[in-house]
Amino acid sequence: MALKVYNTLSKKKEELVPGVPQQVKIYACGPTTYNFIHLGNARPLVVFDTIRRYLEYKGYQVTYVQNFTDIDDKIINKAKLENMDPHDLAEKYIGEYFRDADALRVKRADVHPRATEHIPEMLEMVNVLYEKGIAYEADGDVYFSVRKFPEYGKLSGRTLDEMLSGARVDVDERKDDPLDFVLWKAAKPGEPSWESPWGQGRPGWHLECSVMSLKYLGSGFDIHGGGSDLIFPHHENEIAQAEAYTGSAPFARCWIHNGFVTVDQEKMSKSLGNFFIVRELLHEWAPEILRFFLLSTHYSSPLDYSTKSLKSARKSYSRLSNTLELLDSILDGEQGEADRSIPSNVDAFRRRIDSCAAQYEEAMDDNFNTALGLAALFDMGREINGFVNDKDFVPTPAVIHTLVQVRKTFKELFDTLGLLPGEKRQLGPEYGEMLQEIALSLKDVAGDLLPDQLPHAPEEMLDTLITVRQEARVRKHFQLADQLRNALKEEGIILEDTPRGTHWRLV
RNA sequence: GGGCAAGUGGCGAAGUGGUAACGCAGCGGACUGCAAAUCCGCGACGCACCGGUUCAAAUCCGGUCUUGCCCUCCA
107 MALKVYNTLS
117 KKKEELVPGV
127 PQQVKIYACG
137 PTTYNFIHLG
147 NARPLVVFDT
157 IRRYLEYKGY
167 QVTYVQNFTD
177 IDDKIINKAK
187 LENMDPHDLA
197 EKYIGEYFRD
207 ADALRVKRAD
217 VHPRATEHIP
227 EMLEMVNVLY
237 EKGIAYEADG
247 DVYFSVRKFP
257 EYGKLSGRTL
267 DEMLSGARVD
277 VDERKDDPLD
287 FVLWKAAKPG
297 EPSWESPWGQ
307 GRPGWHLECS
317 VMSLKYLGSG
327 FDIHGGGSDL
337 IFPHHENEIA
347 QAEAYTGSAP
357 FARCWIHNGF
367 VTVDQEKMSK
377 SLGNFFIVRE
387 LLHEWAPEIL
397 RFFLLSTHYS
407 SPLDYSTKSL
417 KSARKSYSRL
427 SNTLELLDSI
437 LDGEQGEADR
447 SIPSNVDAFR
457 RRIDSCAAQY
467 EEAMDDNFNT
477 ALGLAALFDM
487 GREINGFVND
497 KDFVPTPAVI
507 HTLVQVRKTF
517 KELFDTLGLL
527 PGEKRQLGPE
537 YGEMLQEIAL
547 SLKDVAGDLL
557 PDQLPHAPEE
567 MLDTLITVRQ
577 EARVRKHFQL
587 ADQLRNALKE
597 EGIILEDTPR
607 GTHWRLV
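Take any residue in the first sequence, note its place counting from 1, add 106, and you have its number in our numbering.
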């Protein structure tokens, strides 16, 4: 089954044909590190991480590069405000970035190049463009002459004249054409700067991505990604620089752009002030839930943020994770045995699971349709729940064996979305006291059911309470049973009675 | 002003020619001592609006309306 991807450059869905068979080279535009990232920044991280994970699942060897813009006006200004060295400020926020990205289960790139570590390469590109007569100097600035690059506009789909009409472009006397953009900026006093043939200065923003992607991936690499606000001018300029420099096209074969996160239909952005910091959101929502939310809509569509949507995502996600827990509780380390005589109903079940898995792949193969893929996972979950909870369910070795395989499939697909649940949350020490109190409060109703001494470890303590409750239920002492369950629920511990015993989980 | 998207049940969201996935919420039922979880069933007579093409359109074409994004730093 061929994998198809929508390419912003051709404006068509195309089959993904890597330059080197079975290898995919991806460059994703990374953050300018002067602040904590917000949910809108997190979307491309999760989207391209998911694309990467899925490609790896499909057997491609993926080389993934994501840059840090660690020198730029915003960094310089913020550093001035905080009375910090711009370099230290950028380093600090690179660290903060990794904390958030790691929390969101975004796998680290193979290379995380920084702009400031590639100044010589950038100067080399400017130099070549200058020598070719495509770039020109004015007062220590070096500009790229868009009129010298006939293909300018091919990514954003407009001509130079269209861009000019009614455009809000600064009229800068020093530029030959208003749309010319800066490759190298003359340094202002007190700013970080590097030596160049045109005097002290620093690189323009677009330059780094052209230079670093060419360096680490080579001309004609497979996928270049970023938010759709980067199409123009950032990516358009990257193409112009790189292709004028190398003299070969395409610079990148496929361009993928994600839609925005919005709030009340408006783009979430720092300048509008309607942004939600990932660090804050993680206090309230598990990383899986944020990921689920971000992947519940196709990557190219806008995605509206609201508490309501996140609550819905939480419920939806727990539906899937409940199925995983259900499987774990049944299998519990058992492997079962392969059996030649698989009962027909088990075989049919297995086929339905395989069919769901195929549907998942079909969805993801079609331009990474995660929303449709999730639907396939919900279908798969329903099959599993139904099979396992059926009143005729008997966990014979053959059935266990099948379920082990089913769980493997389910988890593998889940993992392509980065949605595997984290470690089951442990009961912290703070629960010890709380459980102790609950036990005390039950003393009157519980009578001799409650042992005098409870274990110290919170988990063991909880297990003891569950055993007590089980005994109470056997004796039809439902008042005690319900009271205990309600008390635990108040504290965020949910008890579920099943034919296989009582399980607990944290809300 | 120019360019580009999008408008699908209460909400979110798939679906680009053959008669509307999936999730949340709601209702009914099963299971349960009761819950929870889970399963089954119900729910758009219609996919912004108006025309057109076609045996057949949410899906193609034309027009209208609305919303968002880009044209300036922005994921």
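Glycine is no exception: its CB is placed at the ideal position from the N, C-alpha and C atoms.
If you draw a straight line from the Cα of residue 447 to the Cα of residue 495, it comes to about 22 Å.
Residue 367 sits in a strand when the DSSP states are folded into three classes.
For residue 523, there is no enclosing beta strand (DSSP E), as DSSP marks it with neither H nor E. In the structure shown, residue 333 falls within a strand segment according to DSSP collapsed to helix, strand and coil. From the listed residues 215, 130 and 168, the smallest Cα separation to residue 151 is found for 215. Distance from the Cα of residue 517 is smallest, within the candidate group 552, 439 and 426, for 426. Counted as a single uninterrupted DSSP element, the stretch harbouring residue 487 is not any beta strand (DSSP E) but the alpha helix (DSSP H) occupying residues 476-495. Using a Cβ distance threshold of 9 Å, residue 319 and residue 348 count as a contacting pair. Checking the DSSP bridge columns, you'll see residue 243 partnered with 248.
With the rule of 3 Cβ pairs closer than 8 Å, the stretch 411-429 does not count as touching the stretch 459-479. The criterion of a C-beta distance shorter than 9 Å is satisfied by residue 362 and residue 405. Taking 9 Å as the cut-off, the Cβ atoms of residue 227 and residue 236 do not count as close.
The beta carbon of residue 435 is closer than 7 Å to those of 606 and 609 in its chain, skipping five residues each way along the sequence. Between the stretch 175-192 and the stretch 296-306, the count of C-beta pairs closer than 8 Å reaches three or more; the two stretches touch.
Residue pairing by DSSP places residue 599 opposite 612 in a beta bridge. Assignment of residue 449 by DSSP, reduced to helix, strand and coil, places it in the coil class. Contact between the stretch 107-117 and the stretch 137-150 is absent: fewer than 3 CB-CB pairs across the two stretches fall below 8 Å.
Here the alpha carbon of residue 397 sits roughly 40 Å from the alpha carbon of residue 584.
Per DSSP, reduced to three states, the secondary structure at residue 391 is coil, with no helix or strand assignment. DSSP, read as helix, strand or coil, puts residue 219 in coil. Counting every other CB atom within 10 Å of its CB across the protein chains shown gives residue 204 a total below 16, marking it as exposed. Residue pairing by DSSP puts residue 174 in a beta bridge opposite 220. Our two residues, residue 573 and residue 586, have alpha carbons roughly 12 Å apart in a direct line. When the Cα atoms are used, residue 269 and residue 251 turn out to be separated by approximately 15 Å. Residue pairing by DSSP places residue 307 opposite 292 and 300 in a beta bridge. Judged by their CB atoms, residue 135 and residue 263 are not nearer to each other than the 9 Å cut-off. For residue 410, the uninterrupted beta strand (DSSP E) segment begins and ends at 409-411.
In the DSSP assignment, residue 113 falls within the unbroken beta strand (DSSP E) covering 110-113.
Counted as a single uninterrupted DSSP element, the beta strand (DSSP E) harbouring residue 129 occupies residues 129-134. Only residues of its own chain outside the window of five on either side were considered, and among them 507 have a CB closer than 7 Å to the CB of residue 444, listed in chain order. The shortest CA-to-CA distance from residue 544 to any of 570, 526, 523 and 521 is the one to 570. Only exposed fits residue 183, as fewer than 16 other CB atoms lie within 10 angstroms of its CB. Relative to the Cα of residue 364, the nearest Cα in the group 335, 341, 385 and 352 belongs to 335. The alpha-carbon separation between residue 171 and residue 592 amounts to approximately 50 Å. The three-state secondary structure of residue 169, taken from DSSP, is strand.
With contacts defined by Cβ atoms closer than 9 Å, residue 527 and residue 433 do not form a contacting pair.
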